[in-house]
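**Q** This is the structure I want to talk about, given as structure tokens.
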Amino acid sequence: MSRRIVIDLACLATFALLPLLAALLDEPFLVSLFTRLAIYGMAAASLDLLIGYGALVSFGHAAFFGLGGYVVGIVAFHTSQLLPLWGWEGSNSALLVWPLALLCCALLGLLMGYLSLRTSGVQFIMITLAFSQMLYFILGSLSLYGGDDGILLNERNSLPGLDMNDANQFYYLCVALLVGWLLFCRRLVGSRFGFVLRGLKQSERRTVSLGLQPVRYRLTAFVIAGLGAGLAGILWANYALFVSPDMAAWQKSGELMAMVILGGVGTLLGPVLGAAAYLGLEQLLSLWTEHWLLAFGPLLLLVVLFGRQGIYGLLMKGAGKPRRAKVSSALPPLAAQEVRP
Numbered sequence: 001m002s003r004r005i006v007i008d009l010a011c012l013a014t015f016a017l018l019p020l021l022a023a024l025l026d027e028p029f030l031v032s033l034f035t036r037l038a039i040y041g042m043a044a045a046s047l048d049l050l051i052g053y054g055a056l057v058s059f060g061h062a063a064f065f066g067l068g069g070y071v072v073g074i075v076a077f078h079t080s081q082l083l084p085l086w087g088w089e090g091s092n093s094a095l096l097v098w099p100l101a102l103l104c105c106a107l108l109g110l111l112m113g114y115l116s117l118r119t120s121g122v123q124f125i126m127i128t129l130a131f132s133q134m135l136y137f138i139l140g141s142l143s144l145y146g147g148d149d150g151i152l153l154n155e156r157n158s159l160p161g162l163d164m165n166d167a168n169q170f171y172y173l174c175v176a177l178l179v180g181w182l183l184f185c186r187r188l189v190g191s192r193f194g195f196v197l198r199g200l201k202q203s204e205r206r207t208v209s210l211g212l213q214p215v216r217y218r219l220t221a222f223v224i225a226g227l228g229a230g231l232a233g234i235l236w237a238n239y240a241l242f243v244s245p246d247m248a249a250w251q252k253s254g255e256l257m258a259m260v261i262l263g264g265v266g267t268l269l270g271p272v273l274g275a276a277a278y279l280g281l282e283q284l285l286s287l288w289t290e291h292w293l294l295a296f297g298p299l300l301l302l303v304v305l306f307g308r309q310g311i312y313g314l315l316m317k318g319a320g321k322p323r324r325a326k327v328s329s330a331l332p333p334l335a336a337q338e339v340r341p
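Below, the structure written as structure tokens:
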């Protein structure tokens, strides 16, 4: 059994047994903490899809997180206040609200990606940052929805067969969606699409010479990553029963990026481990000082300088060099010779 499988199974077992452990220790807070971990892990893994496989460093990823949460919050506000929204009386059903939120995130991803992906480097970073800050100020200006104070939700969205108000059931829903997202991303990066995306990361000029269109592939990846972050925002709104403009601020993008770096860029599971480390350090360091980020900063710097593969890389150390996937079946013959995953 490979070390990667062992790590995957260990993480899955930890998530699966956590409510039982929390009950044995009489620490219900653990379920709440790991629910946050599952949500942030999904958002961080979606950002890793851009950074680790597409070499797209986005400081606007929190925009999707915030938009997904705000769609849930706005619909909940109109539903509870009996105020029609463009003629729609609203709904508390997740089967209606969540797809609507994801559709909004997809449209934002198309717009943001269409404008930003025609640039690269610092220009790309600044455009994504600008989008995030524009959304942040737009959400803060919505006085009907609390402005900077945000929106309080009366209840979670409903799903058939689940009691969303039960902490354990909601926790397992978040874990199931996280596992499904990670499996989808692994399948995606191992497909022809993933090979082309990594080929663009290695050498865009060679990939273009093969007749492939970089913008189309990167835009698709951008939208998919935005959907992952949007789903995480939806879950966060239901978990916290509160949304605020801070969900879309660039600082939230910075937190997600710190999780990716801590866990390991280009590993997918690594950002989940990075989210665990980030939240764990937040809990521990905040016991000593409210300025815990001052202690966290040097630690992140050490990881960047001496542990570039992050926590996942340390766990995989000694497992041997992973076997390269063949690209000949996924790309045209010439592409298989030129584009290396």
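Counting from 1, position 135 in the sequence shown corresponds to residue 135 in the numbering used here; the numbering is continuous, with no gaps. All C-beta atoms in this analysis are idealised placements derived from N, C-alpha and C, irrespective of residue type, glycine included. Nothing here was measured: the structure is a model prediction, and the numbers come from that model.
Would you tell me roughly how many angstroms separate the C-alpha atoms of residue 282 and residue 124, rounded to the nearest one?
**A** If you number the sequence shown from 1, residue 282 lands on position 282. If you number the sequence shown from 1, residue 124 lands on position 124. So the alpha carbons of these two residues sit roughly 30 angstroms apart.
**Q** Here's a check: name, in chain order, each residue in its chain whose Cβ is nearer than 6 angstroms to the Cβ of residue 200, leaving out the five neighbours to either side.
**A** Taking the first residue of the sequence shown as 1, we reach residue 200 at position 200. 207 and 214, listed in sequence order.
**Q** Where in the segment 250-303 do unbroken runs of the alpha helix (DSSP H), each at least 4 residues long, occur, reported from the N-terminal end onward?
**A** Qualifying alpha helix (DSSP H) stretches, in chain order: 250-263 and 269-285.
**Q** By the three-class DSSP mapping on this structure, what secondary structure does residue 2 have?
**A** On the sequence shown, residue 2 is found 2 positions in, with the first residue counted as 1. Of the three classes helix, strand and coil, the one that applies to residue 2 here is coil, per DSSP.
**Q** In angstroms, rounded to a whole number, what distance separates the CA positions of residue 304 and residue 171?
**A** Sequence index remark: in the sequence shown, residue 304 carries index 304 (1-based). Sequence index remark: in the sequence shown, residue 171 carries index 171 (1-based). In a straight line, the C-alpha of residue 304 is about 32 angstroms away from that of residue 171.
**Q** Mind listing, in chain order, the continuous alpha helix (DSSP H) runs of no fewer than 4 residues lying wholly within the segment 127-203?
**A** Here the runs fully enclosed are 167-189 and 192-202.
**Q** Does the distance from the CB of residue 113 to the CB of residue 223 come in under 8 angstroms?
**A** Taking the first residue of the sequence shown as 1, we reach residue 113 at position 113. Taking the first residue of the sequence shown as 1, we reach residue 223 at position 223. In this structure, residue 223 lies closer than 8 angstroms to residue 113 by Cβ.
**Q** Could you check the C-alpha separation between residue 129 and residue 25 for me, to the nearest Å?
**A** Position 129 of the sequence shown, counted from the first residue, corresponds to residue 129. Position 25 of the sequence shown, counted from the first residue, corresponds to residue 25. For residue 129 and residue 25, the distance between alpha carbons rounds to 43 angstroms.
**Q** Identify the continuous alpha helix (DSSP H) that holds residue 232 and give its terminal residues.
**A** Stepping through the sequence shown from its first residue, residue 232 is reached at position 232. Per DSSP, residue 232 belongs to the alpha helix (DSSP H) from 214-240.
**Q** Can you name, in chain order, every residue of its own chain whose Cβ lies under 7 angstroms from the Cβ of residue 314, other than the five neighbours on each side?
**A** Mapped onto the sequence shown, residue 314 falls at position 314. Same-chain partners within the cutoff: 307.
**Q** Give the straight-line distance between the Cα atoms of residue 55 and residue 236, rounded to the nearest whole angstrom.
**A** Within the sequence shown, residue 55 is the residue found at index 55, counting from 1. Within the sequence shown, residue 236 is the residue found at index 236, counting from 1. Cα to Cα, the separation comes out at about 27 angstroms.
**Q** In terms of residues, what are the limits of the alpha helix (DSSP H) holding residue 309?
**A** The count along the sequence shown starts at 1 and reaches residue 309 at position 309. First-last for residue 309: undefined, no H or E at that position.
**Q** Give every residue of the same chain whose Cβ lies closer than 7 angstroms to the Cβ of residue 108, excluding the five residues on either side of it in the sequence, and list them in chain order.
**A** Walking along the sequence shown from the start, residue 108 turns up at place 108. Within the same chain, residue 108 has close Cβ partners 63, 64, 67 and 226.
**Q** Taking the runs of the alpha helix (DSSP H) that are 4 residues or longer, which of them lie wholly in the segment 48-129?
**A** Taking only runs of at least 4 residues, the alpha helix (DSSP H) segments lying wholly in the segment 48-129 are 62-81 and 94-116.
**Q** Between the Cα of residue 146 and the Cα atoms of 218, 22 and 245, which residue gives the shortest distance?
**A** Position 146 of the sequence shown, counted from the first residue, corresponds to residue 146. The shortest C-alpha separation from residue 146 is found at 245.
**Q** So residue 232 and residue 43 are supposed to be a Cβ contact under 8 angstroms. How far apart are they, rounded?
**A** Residue numbering aside, residue 232 sits at position 232 when the sequence shown is read from its first letter. Residue numbering aside, residue 43 sits at position 43 when the sequence shown is read from its first letter. The pair is a contact, with the Cβ atoms about 4 angstroms apart (cut-off 8 angstroms).
**Q** If distances are taken between C-alpha atoms only, which option among 79, 152, 74 and 89 comes closest to residue 101?
**A** For this step, residue 101 is matched to residue 101 along the sequence shown. That would be 74, whose Cα lies nearest to the Cα of residue 101.
**Q** Kindly give me the distance between the Cβ atoms of residue 262 and residue 311, rounded to whole angstroms, as I take these residues to be in contact under 8 angstroms.
**A** Counting from 1 along the sequence shown, the entry for residue 262 is found at position 262. Counting from 1 along the sequence shown, the entry for residue 311 is found at position 311. Right, their Cβ atoms sit about 6 angstroms apart.
**Q** Under 8 angstroms: do the segment 26-35 and the segment 168-182 share three or more Cβ pairs, one atom per stretch?
**A** In short, these stretches touch, since the Cβ pair count reaches three.
**Q** Residue 208 bridges to which residues according to DSSP?
**A** As a first step, residue 208 is located in the sequence shown; it is residue number 208 there, counting from the start. In the DSSP output, where bridge partners are listed per residue, residue 208 has none listed.
**Q** Quick one, which of 278, 192 and 267 has its alpha-carbon nearest residue 8's?
**A** Here residue 8 refers to the residue found at position 8 when the sequence shown is read from its first residue. Ranking the options by Cα distance to residue 8, first place goes to 267.
**Q** If I'm right that residue 159 touches residue 94 with Cβ under 8 angstroms, what's the distance once you round it to whole angstroms?
**A** In the sequence shown, the residue the question calls residue 159 occupies position 159. In the sequence shown, the residue the question calls residue 94 occupies position 94. Sure, about 5 angstroms apart at Cβ, within 8 angstroms.
**Q** Would you decide whether residue 15 is buried or exposed? Buried here means 16 or more other CB atoms lie within 10 Å of its CB.
**A** Walking along the sequence shown from the start, residue 15 turns up at place 15. Residue 15 should be labelled buried.
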